[in-house]
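>
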Amino acid sequence: MISTTYMRNRIAVVLLSLIPCISWGQTQTYFQYKTDEATLVFFDKNLSRYIPHMIRMYQNGKALHQQIWTSDSIYQPEAPLLLLTDWEDDGNGGATPLPRSLIQIGMAPLNMSYYINPSSERYRQLFKHEYTHIVMTDKYNRRDLNWRRFFGTKVGTDNSQPISALWSYLSVPRWYAPRWYHEGIACFMETWLGGGVGRALGGYDEMYFRSIIDGGDKLYSVVGLETEGSTMDFQVGANAYLYGTRFVNYLTKTYGYEKMIQFYNRTADSRTFFGKQFKKVYGQSLRKVWNDWKEDEKKHQEENLAAIRQYPITETKPLTQEPLGSVSPFVYDPATQKAYAAMNAPGDFAHMTEIDLQTGEQKRLNDIYGIQLYDPAYVALDCKGQRLIYTSNNARMRGLEIYDIQQEKVVKKKKFQRINSIVYDNTHDCLYGLFSNGGTQSIVRMDRDLENPEVIYAFPFGVSVFDTDISHDGKWLSLTSQGDNGEHTLLLFNTEELANAIFKPVKLITWKDSNLGQFRFSLDDKYLIGSSYYTGVSNLWQINLETREMEMLSNTDIGLFAPLEITPGQLLALQFKRDGLQPVLLSREVVKDANAVKLYGQLAYENNREAMEQVGLLRDSLPRKSFGDVYNNITSYNVFKEMKFAGAYPIISGFTDSKAWNHMTPVLGYRFNVNDPVGLSSMKLSVGLSPWSNNAWKNRFHVDFDWKYYFWNLKAAWNHTDFYDLFGPMRKSRKGYVVQLAYDYSNSLISPYDKSWGFSVAAYGDMDALPLYQEIEVQDVRSMQTASVYGKWSKTRTTLGGVMKEQGYELGIEGYGYLADGRVYPSVEATGNFGTLVPFDRNTSFWLRTAAGHNFGDEESVFGNTYFGGFRNNYVDNRNAFQYRTSLAMPGAAIDAISAHSYAKATAELNLRPLRLNNFGALFCYPTWIQCSFFGTGLSAWNPNSSHKMYYSTGIQLTTELVFLNYLKTTLSIGYGHLFAPSGFDGGRHGNNEFMISLKLL
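Okay, so the sequence shown: first residue is 140 according to our numbering, each after it adds one.
#1: Give every residue of the same chain whose Cβ lies closer than 7 angstroms to the Cβ of C522, excluding the five residues on either side of it in the sequence, and list them in chain order.
#2: From what residue to what residue does the beta strand (DSSP E) around E949 run?
#3: With a CB to CB cut of under 7 angstroms and the five nearest residues on each side skipped, what residues in its chain are close to A304?
#4: Under a three-way DSSP split, which group does G897 fall into?
#5: Please report the distance separating the alpha-carbon of P248 from that of K551.
#6: For F290, which three-state DSSP category applies?
#7: Go to Y389, then tell me how far its alpha helix (DSSP H) extends in each direction, as first and last residue.
#8: Going by beta carbon distance, what residues of the same chain come within less than 7 angstroms of R503, once the five residues before and after it are set aside?
#9: Three-state secondary structure (DSSP) at K798?
#10: Take D225 and list the residues in its own chain whose beta-carbon comes closer than 8 angstroms to its own, dropping the five residues that flank it on each side.
#11: Residues in its own chain within less than 7 angstroms of Y563 by CB, not counting five upstream and five downstream?
#12: Buried or exposed for S1122, please, with buried defined as at least 16 other CB atoms from any protein chain shown within 10 angstroms of its CB.
#13: Using only alpha-carbon positions, find the residue among K798, Q879 and V336 that is nearest to K651.
#14: Below 8 angstroms on the Cβ atoms is my guess for G1003 versus Y964; work out the distance and round it to an integer in Å.
#15: Label K1044 either buried or exposed according to how many other C-beta atoms from any shown protein chain fall within 10 Å of its C-beta, with 16 as the threshold for buried.
#16: Label Y903 either buried or exposed according to how many other C-beta atoms from any shown protein chain fall within 10 Å of its C-beta, with 16 as the threshold for buried.
#17: For E176, which residues of its own chain have a beta-carbon under 6 angstroms away from its beta-carbon, when the five flanking residues on both sides are left out?
#18: For F417, report the span of its beta strand (DSSP E) as first-last.
#19: Counting pairs of Cβ atoms below 8 angstroms between the stretch 251-268 and the stretch 652-672, do you hit three or more?
#20: Quickly, what does DSSP pair P457 with across the bridge? List them, please.
#21: Can you tell me which of the three DSSP states P644 falls into?
#22: State the start and end residues of the unbroken beta strand (DSSP E) segment that holds L1138.
#23: In the DSSP output, what is I609 paired with across the bridge?
#24: Give me, in chain order, the residues of the same chain whose beta-carbon lies closer than 7 angstroms to that of P301; leave out the 5 immediate sequence neighbours on both sides.
#25: Report, in whole angstroms, the separation of the C-beta atoms of L939 and P485, which I expect to be a contact under 8 angstroms.
#26: For T450, count neighbouring Cβ atoms within 10 angstroms of its own Cβ and tell me buried if that reaches 16, exposed if not.
#27: Could you give the distance in angstroms between the alpha-carbon of M1135 and the alpha-carbon of W800?
#28: Considering only the beta carbon of each residue, do L819 and F811 sit closer than 8 angstroms?
#29: According to the neighbour-count rule (16 or more other Cβ atoms, all chains shown, within 10 Å of its Cβ), is I194 buried or exposed?
#30: Please confirm whether any heavy atom of the ligand FMN lies closer than 7 angstroms to the CB of D664.
#31: Using a Cβ-Cβ cut-off of 7 angstroms (strictly less than) and excluding sequence neighbours within five positions of Y513, which residues of its own chain qualify?
#32: Between K737, S1085, Q460 and W680, which has its C-alpha nearest E436's C-alpha?
#33: Do Q1070 and V942 have their CB atoms nearer than 8 angstroms?
#34: What residue range is occupied by the uninterrupted beta strand (DSSP E) comprising K548?
#35: Measuring straight from C-alpha to C-alpha, what distance separates G164 and Y849?
#36: How big is the Cα-Cα spacing for S792 and L865?
Below you can see the structure in the form of structure tokens.
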């Protein structure tokens, strides 16, 4: 037998040898440029040449905001971290004030599908939009500042200490406002700080609300928008932008620009809660004014619809009974008379669809993974080869896939190609597309097998191009280019010249005040046919390639997009509806007369002309910095050198106390935080006291240390505490000490796949119970060591409107072992969960969850078994609300009451469609959904020297999500489980009946 001393020494050596390996987590070099105004961090040295431009755009946005929000405020802007990334192929932005102000900018061009987001120079627009969020959330008055000084920082929420949510609200109160509040003012400011280019004057927004009024549908209430409107329809989270921008336009139009600014501004006399501030400024409740806007919106759209209908409306023939949700532009095969597109509708998974234009039959082809909101994927058609080529992983770095229509399967996949806006040249049997990398775009050409990619034209940095098409004879490549001030230009490239490195793009036409989108060649290649909001409505247009004359082809009352001539004089297009886009047929006929509509944002401007014209004018010129001053001061980002004190605040936790009425004593303490601005390394030190407890004095002092560095995690504790132990019945606190080093790696670069693996080693001493099993006391073992290794693989998906994973699989395997009293106790467990949507109702799923395990150690020892029992929810918890799904749960049995040396377990689960709640609750607290799950579990337990035993459990759980202060999501769960156990089993709860109630925080 190996001696205890020898094994302990070996464990110590392993722990010490692993500490230098922490540097293994750092696999990439980071760079930074620092000024007094901001710190800019980026990950690719090749981006260095663009940093001066990014700094300039940030300074411009900041200077314009400072002119607006000064007033009587004591606010001194914090120098934010500007994080530049190139992790996705579509540009984006994000901002947070916690714990330090941070603005994240995606370098790639913006997605211009359906021209939803009008934009000028993209970085200028993004900084104006995102810096609005920083000002709105970070701006403080004297009260907020005093709290920040007390905590030493702006406190972020930490679900391990829910009291942090209170400290966070006190230090950053305006962060806790609904998303429409934040996005509404950001879209408004991006528009008027950008000279009138933005969503506040967007044709898409106008069309969306026009479709609602025309269809007699409801506009969401101010609470219903956050509950039903943000999850149920095909717009999902984008409704916050649509409604928020609209409401800010209404406030400005009706009550004036100055009052709107007063509502949003955080000043000495402003109210903390945004709802009370609204009442103070406008003298009316937010609900009432919101309802007033709904009536005004209805009147506005009815007037627009009447103006449009003064001239004949273009007739269309729908090809489907209902809208398809989000849809890509259709491609068409004239030989089979079938059209193809990518679609994503609520209650269904995104997929390729085929429509037979002869019979009207619609056929589902294959599922598409990794979609975007409005244009799920880019699609090209190889007519001769009967193949569809489409983009995958569209929300990250795009790949390409080939679907063989005749074989009805995907025959090739290419990962991380970063190519979008693809089109197939059926004349030369090759694929064209736009390659995105480091903020630049290039035209690429690939052979029919998607091999041998060749960059044939590179656009300058900052230029955005999109909507590529190829003429039927393969001679001309068309696309749209966007200029710095939002102007759109149709470009033509001669493919033969490109092949010979002759770069002479032809500029067909430029529209300064409107978009030019989705233009494709007519069958005779003499015209380009596309769409534009030129009249405020998205109508169809054509341009004569020879004369360059533009002609209108439709007068629609809602909106038409993505026209494609399928036979001479007949167009296939997409018609906008409240619930998505619907494919239609219409004649290609020139329209001579049509009325323009009034934009809601224009009315706000006209009522505040003088103030609005000053918003985007910079009063003082910005200090100029030369390219060299910036470029030559770019340095490496050192994580350790950048780590700084990030505040401290009071905490409360629970600790085991066998003589207390609930076997738990409260611990009062303080938490100290240190981290780097990017968040690559963070340390938390918590200290606490429980002098009133019944424990020995050595167990009344508590210290917890947690250091996360990349994928590594080092933990050390003396008398570990846990907030949720205050409520029980599960307990994580343990007496004694623990030191643990863990490595956890995860990879989700390709949606919807996720894989993770990791390992950990730990040493425990003076423990009162096993680390994993609270009810199993440690018998005469003062110290122990553990080691574990795991691997997980999953592919899970959720349809629009779902609240949980609805289909897919989750696989896992874990090995765990104790070294105690000189003996080794290894064990292994494998899990497999498999789920599918059921056909009878949307968002309803059935899952089969399985687990099997075996312990290899001595079955007579407490270390040699696995223990089951209970729902395993705490009354107040921070873990997943559905704990009955975990392998150790067995509702109806007491916690750890069932012992097994070997086991197999299966749970069948039916999750019913969630019920969405609309206009129920208050501005600061409202439920969003209620959902019911039924489950049945069978557990087969084997123990040596004992007969095989079967345990069965069945139950129900009702779950509802509650939202406090708009960002603090909690889940209230109520459950019942009954255990069917072998005769003689005395480990049940209340006669083998268990009632569970649990409130999951944050």
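We treat Cβ as the ideally placed atom computed from N, Cα and C, and that holds for glycine.
So, from the listed chains and residues:
#1: In the sequence shown, the residue the question calls residue 522 occupies position 383. Answer for C522: D472, A474 and N565, listed in chain order.
#2: Your numbering for residue 949 matches position 810 in the sequence shown. Counted as a single uninterrupted DSSP element, the beta strand (DSSP E) harbouring E949 occupies residues Q946 to A959.
#3: Translated into positions along the sequence shown, residue 304 becomes position 165. Excluding positions up to five away in sequence, the list reads T296, L1107 and L1141.
#4: Taking the first residue of the sequence shown as position 1, residue 897 is located at position 758. Looking at G897 - three-state DSSP - the assignment turns out to be strand.
#5: Here residue 248 refers to the residue found at position 109 of the sequence shown. Here residue 551 refers to the residue found at position 412 of the sequence shown. Taking C-alpha positions only, P248 is separated from K551 by approximately 27 angstroms.
#6: The residue given as residue 290 occupies position 151 in the sequence shown. In the structure shown, F290 sits in a helix (DSSP, three-state: H, G or I).
#7: Here residue 389 refers to the residue found at position 250 when the sequence shown is read from its first residue. Unbroken alpha helix (DSSP H) run through Y389: N378 to Y394.
#8: For the purposes of this step, residue 503 is identified with residue 364 of the sequence shown, where counting begins at 1. Cβ within range, chain order: H490 and T492.
#9: Against the sequence shown, residue 798 aligns to sequence position 659. Residue state, collapsed to three classes: coil.
#10: Residue mapping note: residue 225 aligns to position 86 of the sequence shown, counting from 1. Here the set comprises F182, D183, L186, G245, M246, A247, N576, G577 and G578.
#11: Within the sequence shown, numbered from 1, the residue matching residue 563 stands at position 424. If we look at Y563 and ignore the five residues flanking it on each side, its Cβ neighbours are A519, L520, D521, I528 and L570.
#12: Walking along the sequence shown from the start, residue 1122 turns up at place 983. So S1122 counts as exposed.
#13: The residue you call residue 651 lines up with position 512 of the sequence shown. Nearest option by C-alpha distance: V336.
#14: By one-based count along the sequence shown, residue 1003 stands at place 864. By one-based count along the sequence shown, residue 964 stands at place 825. About 5 angstroms; that satisfies the 8 angstroms criterion.
#15: Taking the first residue of the sequence shown as 1, we reach residue 1044 at position 905. Buried.
#16: Here the question's residue 903 lines up with position 764 in the sequence shown. When all chains shown are included, Y903 counts as buried.
#17: The residue you call residue 176 lines up with position 37 of the sequence shown. A218.
#18: Along the sequence shown, read from residue 1 onward, the residue named residue 417 stands at position 278. That residue, F417, is in no beta strand (DSSP E); its alpha helix (DSSP H) goes F413 to Y421.
#19: yes
#20: As a working mapping, residue 457 is identified with position 318 in the sequence shown. Answer by DSSP bridge pairing, in chain order: V723.
#21: Counting from 1 along the sequence shown, the entry for residue 644 is found at position 505. Three-state DSSP puts P644 in coil, outside helix and strand.
#22: In the sequence shown, the residue the question calls residue 1138 occupies position 999. Under the DSSP assignment, L1138 falls in the beta strand (DSSP E) whose first and last residues are N1132 to K1139.
#23: The residue given as residue 609 occupies position 470 in the sequence shown. DSSP, once it has assigned bridges, lists L616 as partnering I609.
#24: Position 162 of the sequence shown, counted from the first residue, corresponds to residue 301. So the qualifying residues of the chain are F862, L1140 and L1141.
#25: Stepping through the sequence shown from its first residue, residue 939 is reached at position 800. Stepping through the sequence shown from its first residue, residue 485 is reached at position 346. Yes, L939 and P485 are in contact; Cβ-Cβ is about 4 angstroms, under 8 angstroms.
#26: Here residue 450 refers to the residue found at position 311 when the sequence shown is read from its first residue. Reading off the sequence shown, one finds Tyr at residue 450, where the question assumed Thr. Classification for Y450: exposed.
#27: Working through the sequence shown from its first residue, we reach residue 1135 at position 996. Working through the sequence shown from its first residue, we reach residue 800 at position 661. For M1135 and W800, the distance between alpha carbons rounds to 20 angstroms.
#28: The residue you call residue 819 lines up with position 680 of the sequence shown. The residue you call residue 811 lines up with position 672 of the sequence shown. Going by C-beta atoms, L819 is not nearer than 8 angstroms to F811.
#29: Along the sequence shown, one-based indexing puts residue 194 at 55. Result: buried.
#30: This structure does not include the ligand FMN; it has no bound ligands of any sort.
#31: As a first step, residue 513 is located in the sequence shown; it is residue number 374 there, counting from the start. Counting only Cβ-Cβ distances below 7 angstroms, and skipping sequence neighbours, we find S252, Y253, I255 and S465.
#32: Translated into the one-based positions of the sequence shown, residue 436 becomes position 297. Among K737, S1085, Q460 and W680, the Cα nearest to that of E436 belongs to K737.
#33: Counting from 1 along the sequence shown, the entry for residue 1070 is found at position 931. Counting from 1 along the sequence shown, the entry for residue 942 is found at position 803. Here Q1070 is near V942, since their CB atoms are less than 8 angstroms apart.
#34: Here residue 548 refers to the residue found at position 409 of the sequence shown. Its beta strand (DSSP E) spans residues K548 to K553.
#35: The residue you call residue 164 lines up with position 25 of the sequence shown. The residue you call residue 849 lines up with position 710 of the sequence shown. In this predicted model, G164 has a pLDDT of only 48, less than 50, meaning its place in the structure is not dependable enough to derive any value.
#36: As a working note, residue 792 is residue 653 in the sequence shown. As a working note, residue 865 is residue 726 in the sequence shown. Their Cα atoms are separated by approximately 7 angstroms.
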